[in-house]
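*Asks:*
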Amino acid sequence: MWQGVYPAVSAKFTEAGELDHQEMERCFARQIEAGVDGLIVNGSLGEGPMLSHDERLEVLSLAQGVAGRRPVLMTIADASTRDCASLASRAAKAGASGLMVVPSLVYHTNAKETVATLSAVAAAADLPVMIYSNRIAYRVDVTVEIMSELAADPRFVAIKESSDDIRRATDIINAFGDRYDVFTGVDNLAYEALAVGAVGWVAGLVIAFPEETVAIYRLMKAKRYDEALAIYRWFRPLLDLDVSSYLVQNLKLVEALVTGTTERVRAPRLPLEGEARARVEAIVREALATRPLLSKAA
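Take the sequence shown: its letter number 79 is residue 79 in UniProt numbering, and every next letter is one higher.
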């Protein structure tokens, strides 16, 4: 159902800490102009759990206004199943193309609870669902066995595979064929995942480098692996910044340095400073100095 590059777009804030609608529209439009295939709002990078439900719906509306006919997925991530289902229902009424659902943010659900939560959210919205499997950040592993239990429900159409085990993509494809659209959700495993059959990339560094991200994806789909690998190797130091407890601050700083946007985050997060900031700045300087020329054919 879904494939391609889906940026997990970042939220923008004014100096007063409110949503910066104009700047989000500008940044989202840059993604669309670069050729991404859809947008995902209010995820980890979008600081969704730090936003109220009303704010998350505002971000959804802004993205829909920019995306045109491209899908816009709403991330559902709250502490309780009740709140997740409530937001999912509101997102459906607001015209979301689908949902990306985190099984549990705070409480680490067991397999039975994970199935029950995901099923309740899917039923509340009656929209296509991308399951977000991230045992590293959220301590809940949506295993192949759990995916098997969910496979009877046609609303579950995709998996954002972020287990940090590249073998998992092959396990899913071996178990289900094309039943689920497999997306990689780990930036610095994207080449590897696409090489073994993933059909999509929920990307982070795309917010600063959309052209390069789209080029890698398109080259991989065209089986022009050497050309894709050359870009990917250049990109890797940046992509590694996505795999961090400070991924939001890391990527927002990169985006600000490259595109001139803001790096404001919502508390309790604070912008990077000191050695952490200097490290990111050095990586960006090197990347910009060695940025590859992209083939028009990509």
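All residues carry an ideal CB built from backbone N, CA and C; glycine is no exception. Values in this document were obtained by computation on a predicted structure and should not be read as measured data.
Mapping the DSSP letters down to three states, classify I146 as helix, strand or coil.
*Replies:* If DSSP states are grouped into helix, strand and coil, I146 belongs with the helices.
*Asks:* Based on DSSP bridge pairs, tell me the residues matched to V41.
*Replies:* V41 pairs with M74.
*Asks:* Pick helix, strand or coil for E212, following the three-state DSSP scheme.
*Replies:* Three-state result, E212: helix.
*Asks:* Tell me whether T259 sits in a helix, a strand or coil according to DSSP, three-state version.
*Replies:* In the structure shown, T259 sits in a helix (DSSP, three-state: H, G or I).
*Asks:* Look at the alpha carbon of R285 and the alpha carbon of L219, and state the distance between them as a whole number of angstroms.
*Replies:* Answer to the nearest angstrom: the Cα atoms are 25 Å apart.
*Asks:* Compare the C-alpha of A123 against each of L99, L19 and Y132 and name the closest.
*Replies:* For the residues L99, L19 and Y132, the minimum Cα distance to A123 belongs to L99.
*Asks:* What are the residues that DSSP puts in a beta bridge with L19?
*Replies:* Partner(s): F13.
*Asks:* Give the single residue among F183, V258 and V206 whose Cα lies nearest to the Cα of A195.
*Replies:* Closest option to A195, Cα to Cα, is F183.
*Asks:* Residue ranges of each beta strand (DSSP E) run of no fewer than 3 residues wholly in the segment 173-254, ordered along the chain?
*Replies:* Fully enclosed beta strand (DSSP E) runs of 3 or longer: 181-184 and 200-203.
*Asks:* Along the chain, where does the beta strand (DSSP E) containing S133 start, and where does it finish?
*Replies:* It spans V129 to S133 - the beta strand (DSSP E) in which S133 sits, taken as one unbroken run.
*Asks:* Can you tell which of E211, R277, I216 and G274 has its C-alpha closest to the C-alpha of T259?
*Replies:* Nearest option by C-alpha distance: E211.
*Asks:* Identify whether E286 lies in helix, strand or coil by the three-state DSSP scheme.
*Replies:* Here E286 sits in helix by DSSP.
*Asks:* Would the beta-carbon of W2 fall within 7 Å of that of A158?
*Replies:* Yes, the pair counts as a contact, with Cβ atoms nearer than the cut-off.
*Asks:* Per DSSP, what kind of secondary structure is G46 in: helix, strand or coil?
*Replies:* In the structure shown, G46 sits in coil (DSSP, three-state: anything other than H, G, I, E or B).
*Asks:* Alpha helix (DSSP H) containing residue 302: first to last residue?
*Replies:* Here the chain has residues from 1 to 298 only, and residue 302 is not among them.
*Asks:* Would you be able to state if there are at least three C-beta pairs under 8 Å between the segment 169-177 and the segment 139-155?
*Replies:* Touching, yes, given that three or more Cβ pairs across the two stretches are closer than 8 Å.
*Asks:* Let's see if you can read the secondary structure: which residues bound the alpha helix (DSSP H) around V115?
*Replies:* Looking at the DSSP string, the run of the alpha helix (DSSP H) that includes V115 is A111 to A125.
*Asks:* Taking the C-alpha atoms as reference points, what is the distance between L87 and S80?
*Replies:* Looking at the two C-alpha atoms, the distance is approximately 11 Å.
*Asks:* Where DSSP assigns a beta bridge to I159, which residues make up the other side?
*Replies:* Beta-bridge pairing links I159 to I131 and V182.
*Asks:* With distances taken from CA atoms, which of P49, P128 and T109 is nearest S97?
*Replies:* Cα-wise, what sits closest to S97 is P128.
*Asks:* Which residue comes first and which comes last in the beta strand (DSSP E) that contains A59?
*Replies:* A quick correction: the sequence has Val, not Ala, at residue 59. Not the beta strand (DSSP E): V59 falls in the alpha helix (DSSP H), residues H53 to A67.
*Asks:* Evaluate A152 with the Cβ neighbour count: other Cβ atoms within 10 Å of its Cβ, from every protein chain shown; 16 or more gives buried, anything less gives exposed.
*Replies:* Burial call: exposed.
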